[in-house]
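Peer 1: Just passing along the structure, written as structure tokens.
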Amino acid sequence: MIHPKTEVRFISDDIGYGLFATDYIPRGTITWARDQLDREISPQEFEKYDPPIREVIFHYSYRNNTGNYIFCWDNTRFINHACSPNCFPTAYNLELAVRDIHPDEEITNHYGTLNIVEPFTISGPNEVTIHPDDLLRHGEEWDALLSQAFPFFKEVSQPLRSLIPEDRWRQLEDISAGNQPMASITNCYFSGGRYAK
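Numbered according to the numbering used here, the sequence shown spans residues 2 to 198.
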């Protein structure tokens, strides 16, 4: 589930829609947490769908570290890529704001965290190619951003708190307090290779 203080807005004909903050979201806030409506689809199940449905799943899902597609049911699917995003996934089935997000600022993540199937290029003035192994290429850099955000976790309002199991919440609080190390974002990487589209 996406943070409640967000909304979908049209950006342009080239980009389409994006997700924007409607209020201030401080660093360390959970901006997305996996919930019971997010559907996990195995590669075997994926192949049983008709091509138009496979295309929708492929377009609006990310792959977890077991190679299953996670099909998010809500406005999470409208989050766009940024090379320096304001949110990153963690090894804990949630995304964290790695810097303060101001009202009317677009919520972004890095598509290299999604375990994409094959490289693709995002055109434009700052053309960039996203690679399937970007989690490994940039893991140390992205871990540093998350490590700097986690200390704020206990200090900020967490509207998605109810979605986090108690044992996981205590673990996150311990990480925030510096009582245990943060698991690397590279734990999200799927190393099993490519699945057909």
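From the three backbone atoms N, C-alpha and C, an ideal C-beta is built for every residue, glycine too.
What is the C-beta distance between Asn87 and Ile108, in whole angstroms, given that I count them as a contact (C-beta under 8 Å)?
Peer 2: Yes, they are in contact, since the Cβ atoms of Asn87 and Ile108 sit about 7 Å apart, within 8 Å.
Peer 1: If you count every other CB in all the chains shown that lies within 10 Å of the CB of Asp105, and 16 or more means buried, which is it?
Peer 2: Looking at its Cβ environment, which holds fewer than 16 other Cβ atoms inside 10 Å, Asp105 is exposed.
Peer 1: Is Arg162 buried or exposed, if buried means 16 or more other CB atoms sit within 10 Å of its CB?
Peer 2: Flag for Arg162 reads exposed.
Peer 1: Does the beta-carbon distance from Gly29 to Phe153 come in below 8 Å?
Peer 2: Yes. Within cutoff.
Peer 1: Can you tell me whether DSSP reads Phe72 as helix, strand or coil?
Peer 2: Phe72: strand per DSSP, three-state reduction.
Peer 1: Do you know how far the Cα of Ile176 is from the Cα of Met183?
Peer 2: Between Met183 and Ile176, the C-alpha separation is close to 6 Å.
Peer 1: Hey, how far is the Cα of Thr187 from the Cα of Gly140?
Peer 2: In a straight line, the C-alpha of Thr187 is about 6 Å away from that of Gly140.
Peer 1: In terms of residue numbering, what span does the alpha helix (DSSP H) encompassing Phe59 cover?
Peer 2: 52-61 is the span of the alpha helix (DSSP H), which, as asked, contains Phe59.
Peer 1: Go to Phe153, then tell me how far its alpha helix (DSSP H) extends in each direction, as first and last residue.
Peer 2: First-last for Phe153: undefined, no H or E at that position.
Peer 1: Roughly how many angstroms lie between the CA atoms of Pro53 and Asp75, to the nearest whole one?
Peer 2: Looking at the two C-alpha atoms, the distance is approximately 20 Å.
Peer 1: Shortest alpha-carbon distance to Ala22 belongs to which of Arg100, Ile58, Ser13?
Peer 2: Of Arg100, Ile58, Ser13, the residue nearest in Cα terms is Arg100.
Peer 1: Taking 8 Å as the cut-off, decide whether the C-beta atoms of Gly17 and Arg10 are in contact.
Peer 2: Contact flag unset, no.
Peer 1: Nearest-angstrom Cα distance between Asp14 and Glu8?
Peer 2: The straight-line gap from Cα to Cα measures roughly 18 Å.
Peer 1: Take the Cβ of Asn180 as the centre, count every other Cβ of all protein chains shown within 10 Å, and call the residue buried at 16 or more, exposed below.
Peer 2: Asn180 comes out exposed.
Peer 1: Are the Cβ atoms of Leu115 and Tyr63 separated by less than 8 Å?
Peer 2: A contact, by the Cβ cut-off of 8 Å.
Peer 1: From Arg171, Thr67, Gln159, His111, pick the residue whose C-alpha is nearest to that of Arg138; which is it?
Peer 2: Measuring from the Cα of Arg138, the nearest candidate turns out to be His111.
Peer 1: Please determine, among His132, Asp135, Asn94, the residue with the shortest C-alpha to C-alpha distance to Ile31.
Peer 2: Answer by Cα proximity: Asn94.
Peer 1: Below 7 Å CB to CB, which residues in the same chain sit around Asn66 once its five sequence neighbours on both sides are set aside?
Peer 2: Only Asn188, Cys189, Tyr190, Phe191 meet the Cβ criterion.
Peer 1: Does Leu173 get closer than 8 Å to chain C when you measure Cβ to Cβ?
Peer 2: Going by chain labels, chain C is absent from the structure shown, which holds only one protein chain.
Peer 1: Of the residues Ile102, Trp33, His60, which one's Cα is nearest the Cα of Thr77?
Peer 2: Nearest C-alpha to Thr77: Trp33.
Peer 1: Residues in the same chain with beta-carbon distance under 8 Å from Ser185, minus the five sequence neighbours each way, listed in chain order, please.
Peer 2: Hits under 8 Å: Ala92, Gly140, Asp144.
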